[in-house]
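Protein chains in written order, with our numbering: chain A, 1 to 205; chain B, 1001 to 1120. The structure under discussion appears below in the form of structure tokens.
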Amino acid sequence: MNKDDYLKELTRLLRKLPKEERDDVVSDYHEHFIIGIEKGRSEEEIAKALGNPKTVAKQINAEYMVRKAEDKQSAGSMFEAILAAAGLGIFNLIFVAVPTLIVVALILTAFAVGGAMIMGGILITISYMFQPLIPLINLNLPLGGILGIFGGIFIGVSLTILGVGLVAATAYITKWLYGLAIRYLKYNIRLIEGRKGSKKSQGVS
Amino acid sequence: MYTVSDTMNTQFKKGVLELCVLVLLDRKDCYGYEMVEEISRNIFISEGTIYPLLKRLKTEGLVISYLKESQDGPPRKYYQITELGKEKKEKLVAEWNEFAMGVSNLLYNRNVDMEGNCDE
């Protein structure tokens, strides 16, 4: 791969970055080539020593995505950041994908349980409130009598309140986890920062 | 596919690379190629690694960059360490010393602490 091919490929792979940032990165590599050539190295030699443009681009993209997720605070940008970080290598895939799946599953479960509690609570409350009014329809409620009705309403309302509490707590935790996820992704990217090139290309230095 | 030891080795170097870059920049302002040369002289790195790292250090405010004319060719992008970068460097150097001392104590079966006191 010569200088122009390398830089063109790098530019293409960094297309998700804003133009200004992309130009900045590409200019660094351009400068590296220029100085290397001045020192008498061949373009191919320099390209090989720099490592695969794909690996270089992956690293830069992942850092950019995480930064974007930090600024934007949206589920979509977080998803992109996680994908980019997980794509860095086998280590990142394991250490990013597995915790992500577990955490997302837990959050969704908590929201689902909370939602079910709210719905269930409302249904129970309505059933007990309307049963005495419409005696024709027998709802077969387990609690009977005037005390039973109040008991039933009490249970229904409590369940709804607990459900709302659970949903609110989960929403709060999710927000907190967002910040934690950003820190974790940054740490993860840093740890495995740019595994460049294969063993084969490492022979040239 | 790479082996675990290969990956561990690389990860190990990546952590140290940040330290190396900050130490070099603490001595004098450098351009990217210069740092690659200096570091490669001592440890093997893949040359492309340094630019994403410099970019991150810049985003974190540990270094800044500026363009400076050079005698032979177009202007070069020089990097300069900031106060924040110097603090970070001190921290990393301390961590490194502690780590290196721990490992060599283990390797040579000594018991030297950070103050250089030896109880054997």
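Every residue, glycine too, gets a C-beta built ideally from N, C-alpha and C.
Hey, could you find the ends of the beta strand (DSSP E) residue i is sitting in?
{"i": "V1063 (chain B)", "result": "V1063 to K1068"}
{"i": "Q59 (chain A)", "result": "Segment P53 to K72 is the alpha helix (DSSP H) holding Q59 (chain A); no beta strand (DSSP E) there."}
{"i": "K1077 (chain B)", "result": "R1076 to I1081"}
Less than 8 Å between the C-beta atoms of residue i and residue j, yes or no?
{"i": "A69 (chain A)", "j": "I155 (chain A)", "result": "no"}
{"i": "E31 (chain A)", "j": "R1027 (chain B)", "result": "no"}
{"i": "T160 (chain A)", "j": "G121 (chain A)", "result": "yes"}
{"i": "L1053 (chain B)", "j": "L1017 (chain B)", "result": "yes"}
{"i": "A84 (chain A)", "j": "M65 (chain A)", "result": "yes"}
{"i": "L88 (chain A)", "j": "A57 (chain A)", "result": "no"}
{"i": "E1047 (chain B)", "j": "A49 (chain A)", "result": "yes"}
{"i": "Y178 (chain A)", "j": "Q73 (chain A)", "result": "yes"}
{"i": "G163 (chain A)", "j": "I118 (chain A)", "result": "yes"}
{"i": "L10 (chain A)", "j": "Y29 (chain A)", "result": "yes"}
{"i": "K1088 (chain B)", "j": "V1023 (chain B)", "result": "no"}
{"i": "A97 (chain A)", "j": "A86 (chain A)", "result": "yes"}
{"i": "L1019 (chain B)", "j": "V1063 (chain B)", "result": "no"}
{"i": "I107 (chain A)", "j": "T174 (chain A)", "result": "yes"}
{"i": "I82 (chain A)", "j": "T100 (chain A)", "result": "yes"}
{"i": "V1021 (chain B)", "j": "I1050 (chain B)", "result": "yes"}
{"i": "I34 (chain A)", "j": "G1073 (chain B)", "result": "yes"}
{"i": "N1105 (chain B)", "j": "N1111 (chain B)", "result": "yes"}
{"i": "A105 (chain A)", "j": "L166 (chain A)", "result": "no"}
Helix, strand or coil for residue i? Go by DSSP, reduced to three states.
{"i": "K3 (chain A)", "result": "helix"}
{"i": "V1004 (chain B)", "result": "Low local confidence applies: a pLDDT of 46 at V1004 (chain B) is under 50, so the model's placement there is unreliable, and no value is given."}
{"i": "R195 (chain A)", "result": "In this predicted model, R195 (chain A) has a pLDDT of only 45, less than 50, meaning its place in the structure is not dependable; the value taken from the coordinates is given anyway. Reduced to three states, the DSSP call for R195 (chain A) is coil."}
{"i": "D1029 (chain B)", "result": "coil"}
{"i": "K200 (chain A)", "result": "For K200 (chain A), the predicted model reports a pLDDT of 37, less than 50, meaning its position is unreliable; a value from the coordinates is still stated below. Correct three-state label for K200 (chain A): helix."}
{"i": "N1097 (chain B)", "result": "helix"}
{"i": "S42 (chain A)", "result": "coil"}
{"i": "S1104 (chain B)", "result": "helix"}
{"i": "L177 (chain A)", "result": "helix"}
{"i": "G151 (chain A)", "result": "helix"}
{"i": "I189 (chain A)", "result": "helix"}
Given that residue i touches chain A, what residues does it touch there, using C-beta distances under 8 Å?
{"i": "R1041 (chain B)", "result": "The contacting residues do not exist; R1041 (chain B) stays about 10 Å from chain A at best."}
{"i": "G1073 (chain B)", "result": "I34, I35 and E38"}
{"i": "R1110 (chain B)", "result": "Residues of chain A passing the Cβ test: none, with the nearest at roughly 30 Å."}
{"i": "Y1033 (chain B)", "result": "E31, H32, I35 and G36"}
{"i": "K1077 (chain B)", "result": "S27, D28 and E31"}
Since residue i meets chain B, which of its residues come closer than 8 Å, beta carbon to beta carbon?
{"i": "R67 (chain A)", "result": "T1059"}
{"i": "E63 (chain A)", "result": "P1052, K1055, R1056 and T1059"}
{"i": "V157 (chain A)", "result": "In chain order: nothing, as chain B lies at least about 51 Å away."}
{"i": "V96 (chain A)", "result": "What V96 (chain A) touches in chain B: nothing, since even the nearest Cβ is about 15 Å away."}
Please determine, among the options, the residue with the shortest C-alpha to C-alpha distance to residue i.
{"i": "M129 (chain A)", "options": "A:I146, A:I189 and A:G89", "result": "A:I146"}
{"i": "Q59 (chain A)", "options": "B:G1061, B:R1056 and B:E1060", "result": "B:R1056"}
{"i": "R190 (chain A)", "options": "A:I107, A:G148, A:F150 and A:N92", "result": "A:N92"}
{"i": "G1061 (chain B)", "options": "B:Y1078, B:K1068, B:G1085 and B:I1039", "result": "B:G1085"}
{"i": "C1030 (chain B)", "options": "B:N1042, B:I1081 and B:S1104", "result": "B:I1081"}
{"i": "V113 (chain A)", "options": "A:T170, A:S158, A:F150 and A:V157", "result": "A:T170"}
{"i": "V25 (chain A)", "options": "A:Y6, A:I102 and A:R41", "result": "A:Y6"}
{"i": "Y1078 (chain B)", "options": "A:F111, A:G151, A:I102 and A:S27", "result": "A:S27"}
{"i": "Q1071 (chain B)", "options": "A:E38, A:M1, A:V157 and A:T100", "result": "A:E38"}
{"i": "K3 (chain A)", "options": "A:D23, A:L166, A:G151 and A:G36", "result": "A:G36"}
{"i": "K1058 (chain B)", "options": "B:W1096, B:G1032 and B:N1105", "result": "B:G1032"}
{"i": "I153 (chain A)", "options": "A:E21, A:V103, A:K19 and A:P132", "result": "A:P132"}
Quick one: which chain B residues come within Cβ less than 7 Å of residue i?
{"i": "L50 (chain A)", "result": "E1047 and G1048"}
{"i": "Y212 (chain A)", "result": "No statement about residue 212 (chain A) is possible, as the shown extent of chain A runs from 1 to 205 and does not include it."}
{"i": "I173 (chain A)", "result": "Neighbours of I173 (chain A) on chain B: none; closest Cβ ~28 Å, over 7 Å."}
{"i": "Q59 (chain A)", "result": "P1052"}
In the DSSP assignment, find the alpha helix (DSSP H) that holds residue i and state where it starts and stops.
{"i": "I34 (chain A)", "result": "K19 to E38"}
{"i": "E1060 (chain B)", "result": "Taken as a continuous stretch (DSSP letters only), E1060 (chain B) belongs to no alpha helix (DSSP H), as it is neither H nor E."}
{"i": "P99 (chain A)", "result": "V98 to F130"}
{"i": "I1039 (chain B)", "result": "G1032 to N1042"}
{"i": "E1047 (chain B)", "result": "It is not in any alpha helix (DSSP H) - E1047 (chain B) carries neither H nor E in the DSSP assignment."}
{"i": "I94 (chain A)", "result": "Careful: I94 (chain A) lies outside any alpha helix (DSSP H) and carries neither H nor E."}
{"i": "G76 (chain A)", "result": "A75 to A86"}
Would you say residue i touches the ligand MG, meaning its beta carbon is less than 7 Å from a heavy atom?
{"i": "I60 (chain A)", "result": "Looking at this structure, you won't find the ligand MG or any other ligand, since it has none at all."}
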